[in-house]
Amino acid sequence: MTPLLRSTFVLLLALLVACGGAEDRKSAYVNQGQELFEQGNFEKARIEFQNALQIDPKDLEARFKLAETLEKLENWQGAARQYLAILGEDENHPGALLNMGKLYLLSGADDKARENVEKLLAVDANNPGAKTLLAGVEAKAGDRDKARKLVEEVLAAKPNDPEAASLLASLQLVDGDVAGAVATLEGAIAAHPDEVALAINLARVHARAGDQDAAVATFRRVIEKKPDVLAYRNALARMLIGFKKLDEAEAVLKQSIADFPDVEDAKLAYIEFLSGTRGVDVAITELKKLIDENPDANAYRFALGKVYEATKQVDEAAGVYEGLIADIEEGPELLTAKNRLAVMRTRQGRLGDARTLVEEVLAENARDTDALILRGTLLLNEADAAGAIADLRTVLRDAPENAGAVRLLARAHLLNKEPELAIDVLRQGIESNPSAAVLGLDLANIYASQSKVEEALAALDGVLENNPAEPSALEGKFKILVFRKEFPAALEVAERLKQARPNDVRGYHFAGLVRQAQGDMEASIGEFQSALDQQPDAVQPLSQLIKSYLVLKRRDDAVAKLKDVIAAQPNHYVAHNLLGELHLAAKEFDEAEAEFKAAIEGNAKWPIPYRNLASVYAATDRRDEAVALMKEGIEATGGSALLLTGLASYFEQTGDLDSAIAEYEKALKENPKSELAANNLAMMLAEYREDEASLKRARELVTPLRNSTQAAYLDTVGWIEYKLGEYEQSRLYLEKAVEGAPEAGLMHYHLGMTYFALGNAVSAREHLQRAVESTVDFKGKDEARATLARLEEQG
């Protein structure tokens, strides 16, 4: 053999040995993963299957096993990505078609589930899994008879098939046949004693039937069969929490800690329980103890950060993440800590620091989802729509179902004046994630802004198809129907909301509003009272109840009702204010003054009673006291635009506007960091100066306030954008302002005018109506009335 042949032979031999070694390692990982899967140790099985795919990403069966494992871990999106990857290589892979079909059905993509089923049945008309899945599709479509027939065909050919039996039990339960459902599942369990899913379904049937003891006993038998699966113990604890058996739930979780002393998830499940049932402080104390005992276990420190975040203790959360960053040298945990700290820096208003952290993460991993989303958000706040679009598209290439990224990308296209692209983004997001109700709601809002009412209704109906009890979709549909004066249909929606959410005041409140619109004040009173029965401190139903009494000229009943509310809830500041308004209307100034003062004492940050009390002072020739009170109110409320307008009206009356603006300039010069002075000066410029230079100066003044949580500041930012003709930007800020101060008529006026400018007649009418119904006068109220009249003329 020549040297050249010898070297070639050695190289080929080395390659063959290497290939054989890799194949052996891959097989070992797959076999170990399968063994762990059968033991119920799904987290470790996942790691083994991922190791196998690191060696051979094209191994479809290893990928299929990984997908099944992710399903067991309830990582539905991860499982879906794996099944879709398999189908990308082999579009007729039976296991992937079937399991992906199940996930489609679970997520609400019923048409796609049916497509997968039809592919399977075209190859094998008697495939039991496919027929069972088809039965599920038919059941969801409302054809329970067809679904039952299909399931019974499967069970006739394959008695006690676990999935078919589970579906049949579900159908029986829907028909009210609890005994039949129990018998079906018990028969399947007898034939398949190791199928844990059957026992879990039986436990849930018992729970639905109200037999808590049987449900718990069944679940405990699951744990006896699979004592090494922590997930089943946590599921039992959640069931016990749902039954209000907190001590029993705590005992289960503590036993898990004893049985799994080295498993962090066991302890974290207990922390979650403490946080939700025993109080956040108790959870924090226990977490700090775990951190002291396990200084190298970063999971507990991350959990502490999350608890602080959930309770809005931003500085404390930031401190936790700073400590983690200091202690972790490299790896995914370091990137996670930097991402979380970046979020905290954003909430603290330290946007530059947040951007630096995000860039550090992306330098390590250019496709880090959290970092890209946060950078996209920061870019949006800077009005850099193009930059945000680039980052968010990158996110969606990897995770098209990410609803948060979809919403941000749609918002970026709107900011970039590309509404049709925003619509396309939302449609694609809905296709990838049909159960994400927020996407359909956003789509409906865009259509409404374009006055495409039919399309908006269709979008809302799409949400309700997958989420029949979604209150925001029902609310949106209700408002459109009321706008179109389709009162019977609107009343049907209100009744639907009552049935879906019997403890939600909105159903009764909406029904009352329809009755009012129909002129049936007596019936409206009953609906509003029902809302108050559900939630005695609800503000809007009480306000509307009083309105109905006044329309019926039953002032005495209105006064009596408010006094009853105050007797039951002495600090009900809204009731005090409403009663004060009744006294003010009757020129009973002493009584009105007492009630408005009580309202201010009940909530010193609410501007309306200050304005009302100032009206009392003005009506009794105490104008200096009125001005002093409004200044006091501006300070107490953090710069209420409502009170600022009231104070500005005083300067209007004196005609000394330049002096008023000069005073705010002086205050800002003395304290350049004063948000209150900047906000007030900007509002004065926006309200009383029309030249572009003044408006641009106003925008500069409020730039630091764009990330504020103060409704008044957000209102100012939004109103300035409106004055500059940036209506989409204006809407974003004014919606937040109204959310923070839902009773402020001035803010409803600002938002209503913005919607009007955007062509969204439905929302414009809603907010302008709220503005003109306000009992408080403000600059612009006449314009609100005139604009509302124009909308009425347009139909």
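Residue numbers (this note's numbering): 311 to 1105.
Even glycine gets a Cβ: it sits at the ideal position worked out from N, Cα and C.
Worksheet item: Which first and last residues belong to the alpha helix (DSSP H) in which Ser950 is found?
Response: Note, Ser950: premise wrong, no alpha helix (DSSP H); not H, not E.
Fill in: Distance, Gln1039 Cα to Glu975 Cα
Spanning the two alpha carbons is a distance of roughly 26 Å.
Practice prompt. Using 7 Å as the cut-off, classify the Cβ of Tyr1037 as near or not near the heavy atoms of the ligand MN, replying yes or no.
Written response: Among the components modelled here there is no ligand, and therefore nothing to report on the ligand MN.
Fill in: Local Cβ density within 10 Å of Lys648, reported as buried at 16 or more and exposed below that
With 16 or more Cβ atoms within 10 Å of its Cβ, Lys648 is classed as buried.
Discussion item. Tell me the residue span of the alpha helix (DSSP H) that contains Lys577.
Written reply: Residues 574 to 587.
Worksheet item: CA-CA distance, Thr1064 and Glu670?
Response: About 39 Å.
Worksheet item: Does the count of Cβ pairs from the segment 754 to 762 and the segment 399 to 409 closer than 8 Å reach three?
Response: Counting Cβ pairs under 8 Å, fewer than three are found: no touch.
Worksheet entry | Residue burial classification, Gly452 (beta-carbon count within 10 angstroms, cutoff 16) | By the neighbour-count definition (other C-beta atoms within 10 Å, threshold 16), Gly452 is an exposed residue.
Item to complete: Sort Arg932, Leu953, Leu767, Asp931 by Cα distance to Lys941 and report the nearest one.
Response: Among Arg932, Leu953, Leu767, Asp931, the Cα nearest to that of Lys941 is on Leu953.
Worksheet item: Would Ser858 pass as a contact of Ser834 if the rule is Cβ separation under 8 Å?
Response: Yes, these two residues count as a Cβ contact at 8 Å.
Worksheet item: Starting from Gly398 and walking both ways along the alpha helix (DSSP H), at which residues does that stretch end?
Response: Looking at the DSSP string, the run of the alpha helix (DSSP H) that includes Gly398 is 386 to 399.
Worksheet entry | Exposure of Val1027, with buried meaning 16 or more beta-carbon neighbours within 10 Å | Its Cβ being crowded by 16 or more others within 10 Å, Val1027 is buried.
Worksheet item: Since Ala673 contacts Leu702 with CB under 8 Å, what's their CB separation in whole angstroms?
Response: Actually they are not in contact, since the Cβ atoms of Ala673 and Leu702 sit about 19 Å apart, beyond 8 Å.
Worksheet item: So what does DSSP say about Gln1104, is it helix, strand or coil?
Response: Correct three-state label for Gln1104: helix.
Worksheet entry | Contact check, Gln854 vs Leu823, beta carbons under 8 Å | Cβ atoms of Gln854 and Leu823: closer than 8 Å.
Practice prompt. Kindly indicate which three-state DSSP category Lys622 falls into: helix, strand or coil?
Written response: Secondary structure of Lys622 (DSSP, three-state): coil.
Worksheet item: Can you tell me the Cα-Cα spacing of Ala324 and Glu333, whole angstroms?
Response: At Ala324 the pLDDT is 36, less than 50, meaning the model places this residue with poor confidence; the figure from the coordinates comes in the next sentence. Roughly 14 Å separates the two Cα atoms.
Item to complete: Answer with buried or exposed for Asn813, where buried requires no fewer than 16 other C-beta atoms within 10 angstroms of its C-beta.
Response: Counting of Cβ neighbours within 10 angstroms places Asn813 among the exposed residues, the total staying below 16.
Worksheet item: If we ignore side chains and look at the alpha-carbon of each, how far apart do Ser317 and Ile365 end up?
Response: With a pLDDT of 40 at Ser317, under the threshold of 50, the modelled position of that residue is not reliable, and the figure given next carries that caveat. Those two C-alpha atoms are separated by around 27 Å.
Practice prompt. Tell me whether the beta-carbon of Leu483 lies closer than 8 Å to the beta-carbon of Leu443.
Written response: No, the pair does not count as a contact, with Cβ atoms beyond the cut-off.
Item to complete: Please determine, among Gly490, Glu903, Val884, the residue with the shortest C-alpha to C-alpha distance to Thr930.
Response: Here the closest residue by C-alpha is Glu903.
Practice prompt. Determine the burial state of Ile567: buried for a count of at least 16 other Cβ atoms within 10 Å of its Cβ, exposed for fewer.
Written response: Classification for Ile567: exposed.
Discussion item. Please identify the residue among Arg1041, Leu376, Lys622, Ser337 whose C-alpha is closest to the C-alpha of Phe352.
Written reply: For the residues Arg1041, Leu376, Lys622, Ser337, the minimum Cα distance to Phe352 belongs to Leu376.
Practice prompt. Put Gln854 into one of helix, strand or coil per three-state DSSP.
Written response: Here Gln854 carries a helix assignment [DSSP, helix/strand/coil].
Discussion item. Helix, strand or coil, according to DSSP, for Leu1044 in the structure here?
Written reply: If DSSP states are grouped into helix, strand and coil, Leu1044 belongs with the helices.
Practice prompt. Using 10 angstroms around the beta-carbon of Gly750, count the other beta-carbons present and answer buried if the total reaches 16, otherwise exposed.
Written response: With 16 or more Cβ atoms within 10 Å of its Cβ, Gly750 is classed as buried.
Worksheet item: Would DSSP call Ser1018 helix, strand or coil?
Response: Shown here, Ser1018 sits in coil according to DSSP, grouped into three states, outside any helix or strand.
Worksheet item: What first and last residue would you give for the alpha helix (DSSP H) that runs through Leu546?
Response: Element bounds for Leu546: 540 to 552.
Worksheet item: Three-state secondary structure (DSSP) at Thr646?
Response: Here Thr646 sits in helix by DSSP.
Practice prompt. Hey, could you find the ends of the alpha helix (DSSP H) His882 is sitting in?
Written response: Boundaries for His882: no alpha helix (DSSP H) harbours it, and the DSSP string shows neither H nor E there.
Worksheet entry | alpha helix (DSSP H) segment containing Arg531, residue limits | First-last of the alpha helix (DSSP H) with Arg531: 522 to 535.
Worksheet item: Where in the segment 441 to 525 do unbroken runs of the alpha helix (DSSP H), each at least 4 residues long, occur, reported from the N-terminal end onward?
Response: You should have 454 to 467, 472 to 484, 488 to 501, 506 to 518.
Worksheet entry | Candidates Gly943, Leu408, Asp434, Ser417: closest to Glu425 by CA position | If we check each option's Cα against that of Glu425, Leu408 comes out closest.
Fill in: Own chain residues within Cβ distance below 7 Å of Arg650, not counting five before or after
Around Arg650: Gly615, Tyr631.
Worksheet item: Is it true that the CB of Ala579 sits closer than 8 Å to the CB of Asn544?
Response: The answer is yes: Cβ separation under 8 Å.
Discussion item. For Arg531, tell me which candidate among Ala541, Ala547, Ala517, Val506 has the shortest Cα-Cα distance.
Written reply: Of the listed residues, the one whose Cα sits closest to Arg531 is Val506.
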